[in-house]
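Below: one structure, written as structure tokens.
Chains as they are written, first to last, in the numbering used here: chain A, 1 to 463; chain B, 1001 to 1463.
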């Protein structure tokens, strides 16, 4: 709670300074705050966002800029004079700069890249050349490298010389004359070693590296499984190109998470915060899937039309239609979510389909039986309270409902669990087998299952 | 791809060594591999999991153990002789040990804690005293601290003396005589400073810390917003208790993500990998919500019963029931997922409810109109192909379907977006307003909306 109080204090001070319009004092105040507090100020006072960035020491401005939302970043760059934008973009770490640029329209990227110094421009163009969601887009070319024959003292000299601009010095990289990655070493091991020791005496030969074309999600897994704060990035010839730091992984995880969730809810990935995305764009992201699902769902009207005569003969059948199909949809949503989630965190691979299927057959039977029994009891209880409602054949109606529920739930569970695996096999993102998608798929089949059981139990009685 | 080849090589070598049964060679081989490769070996050869752990240098065994699944960890501890278990548990970093223990039954925790050395036991008991999902459970008491009056040379001496057991030396903590946290300093700044400088000359007074009772999700946000690899943890009196490192955040994010996803799919959080959880437990996690939803959904049968006479008079009305209610469910799922996701990543707070509502009213109207128009066209087209199907009042039926769709989609969107916010306001986890939950909620209302429009358009004609 004290954090919120602090924020209130900061806000108050900021308002007083803004009222005084003393630029120097504002600058001093801003440079005195934590990066995250300044970002919070920008959230609170969007009108001053460009001013806040412009009035900070440039390396701190860059640190704040890189943790802002893309919408805020765009606004700021639009408002800043282009000399200041140039300064800011040149100061931004290469990975964060690429991250910002890739969200912009092509023309805007071109204009902004012109503002960069030749060296930074070269780096940025190279990074933008790597596929989206690849490690190449995340890497930073500023790291400290040494050679295996260096001594510990030489390593410290190198760090003092080049460490200031490096993204991290927690890990140092050893390369050979060709630029190939030999090993990495943690700064702790350098500090703990005697000054006269040579690097090749203290390295352990166990290096974990990422390929520049690796998927970012893969990088996330590698970080999780190896206790490192940074990993080296190499090309196909093992040439060291840059490093990726673990803090980027928190953002990757966050983004993956948001995209997966949104797809599972039956929307395209927004790629922008909900409250910032223009309404028309939000509509576009949603309407596509909704229309596809709606057209798929139209088959239910066709299926119902096919069973129209049966419904006319036994209106009672119509009463349970929503209950039956929604049960299939719910069990399908459960199953698909479980499998998508397990696949997303790497617990299940395509090869496991058979194990999943076996588990889901049992689960589906059990779940279906529970709902089937409750459904049958529901019919029985209502019959005993209102004897007219289902008539003399209430028990057969109960059986129809009960067995349909077993069939529909089993079918929902199976299709919900197999669909994500099948989509992945075909090379699609399993997350698109969203809850609504599975529900729609199950609805039509659910009707057929239901009316089939109705024939079985009620032919000659009501039908 | 070369990674997978490497793994094949490792597997082959391992099989040969196992066949030879030369313990020393196995130990050498294992100590030569990366931590993550050994973890992969354990995945591939579960029969040898305890042997693999037992045959490694103990600090490496601990590093492997901490990245395994809880199910594997349990198996290994069950199989290892208790002397080896004691060694392993004492070697595990305190945070990973707590993480493992908290998943076990109370009796097992008691037995294992007895195996710990007095010092480690004290730490573990203290950590287990903090609430689940609090920062206290993640922290590590092994860090390097110094005093503000120390010189840079003294800092290096301290690191050489105590750094070996510290989880990280990338950040060093400055405390005062009372043990209160004064500041933190990155090792890079120490290395770059002149040896004779005093610590208080190089610190910047900007320290970001976590409270031991803070939520882990909050910690994740703080890490994302502040460029740090470790954060200090303090109690309410600002006494430094331990540190949390950023790699733990990847696991926290992963866990939060899995839990949220599972809840949104209408399951309780599994807390175990899908393929490892016993089938009966999996069933239990799923059946609860499914039954609740089913009982809620029974109201549709009641509602349908209420409109039974209308259906008898105009069977055609029954045909569109699944289409109408599923459209409400789909739009509701979309809206609820978007809002839950935005709340999970902190883009939306409860205070934003009014902004969300305004956006969703417009979105719902737009989306509903699109589906409504398609629905009307569907009726018209079918009528022109099969003139008998809807009879002379096809246009009124089309209006009923079209306007119902607008109403149902708008209602779905509004309830889907407001429910998560409302649940959060009441102190519940918004993720439980899962797609199935919203769909169920919308189904009953959808029927009422549909039959109301039917009255409006068809009274005196078909009704």
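Think of the CB as a built atom: it goes at the ideal place given N, C-alpha and C, for glycine as much as any other residue.
Annotated three-state conformation of residue 460/A is coil, per DSSP.
Residue burial annotation: residue 411/A is buried, with at least 16 other C-beta atoms found within 10 angstroms of its C-beta. Residue 434/A sits in coil when the DSSP states are folded into three classes, being neither helix nor strand. The beta carbons of residue 1144/B and residue 1185/B sit no closer together than 7 Å. In terms of Cα proximity to residue 235/A, the closest of 135/A, 28/A, 403/A, 326/A is 135/A. Taking 7 Å as the cut-off, the beta carbon of residue 396/A is found closer than this to the beta carbon of residue 458/A. Taking the beta carbon of residue 164/A as reference, the chain B residues within 7 Å of it are 1192, listed in sequence order. In the structure shown, residue 1375/B adopts helical secondary structure according to DSSP, grouped into three states. Residue 368/A and residue 442/A do not touch by the CB rule: their CB atoms are close to 13 Å apart, not below 8 Å.
For residue 196/A, no beta strand (DSSP E) run applies, since DSSP gives it neither H nor E. Chain-order list of chain A residues neighbouring residue 1287/B: 367, 370, by C-beta distance under 7 Å.
With contacts defined by Cβ atoms closer than 7 Å, residue 446/A and residue 1334/B do not form a contacting pair.
A direct Cα-to-Cα measurement between residue 331/A and residue 363/A gives close to 10 Å. Between the stretch 1018-1035 of chain B and the stretch 423-440 of chain A, the count of Cβ pairs shorter than 8 Å is below three; the stretches do not touch. Excluding the 5 residues flanking it on each side, residue 253/A has same chain C-beta neighbours closer than 7 Å at 220, in chain order.
A direct Cα-Cα distance of roughly 28 Å separates residue 10/A from residue 1178/B. Shown here for residue 375/A: same chain residues with a beta carbon closer than 6 Å to its own, the five before and five after excluded, namely 401, 402, 405 in chain order.
Nearest CB-CB separation between residue 1263/B and chain A: not below the 7 Å threshold.
Note on residue 1354/B: under 16 other CB atoms within 10 angstroms of its CB, so exposed under the neighbour-count rule.
Closer than 7 Å to the CB of residue 1208/B there is at least one CB belonging to chain A.
For residue 1076/B, the closest C-alpha among the options 1058/B, 1060/B, 1302/B, 1047/B is that of 1047/B.
When C-beta atoms of the stretch 279-292 of chain A are compared with those of the stretch 1279-1290 of chain B, fewer than three pairs fall below 8 Å, so the two segments do not count as touching. DSSP places residue 179/A outside any beta strand (DSSP E), giving it a letter other than H or E. Within the stretch 1124-1156 of chain B, those residues whose Cβ lies closer than 9 Å to any Cβ of chain A are, in chain order, 1156. Per DSSP, residue 1232/B is one residue of the beta strand (DSSP E) stretching across 1230-1234. Residue 35/A: member of the alpha helix (DSSP H) spanning 35-44, first to last residue. A contact is defined here as three or more CB-CB pairs under 8 Å, and the stretch 1088-1100 of chain B meets this definition with respect to the stretch 1118-1133 of chain B. Residue pairing for residue 1339/B: DSSP places it in no beta bridge. Going by DSSP, residue 302/A is part of the alpha helix (DSSP H) stretching over 279-306. Taking 8 Å as the upper bound on Cβ-Cβ separation, chain A lies near residues 1434, 1435, 1436, 1439, 1440, 1443, 1447 of the stretch 1421-1455 of chain B. By the neighbour-count definition (other C-beta atoms within 10 Å, threshold 16), residue 1455/B is an exposed residue. Among the residues facing chain B, residue 239/A is not included, as its CB has no counterpart in that chain under 7 Å away. Contact between residue 1293/B and residue 1440/B holds: their C-beta atoms lie close to 5 Å from each other, under 8 Å. Interface criterion met: the Cβ of residue 1297/B is under 7 Å from a Cβ in chain A. Under DSSP, the beta-bridge partners assigned to residue 151/A are 198/A.
For the 7 Å CB-CB criterion, residue 1371/B and residue 1316/B do not form a contact.
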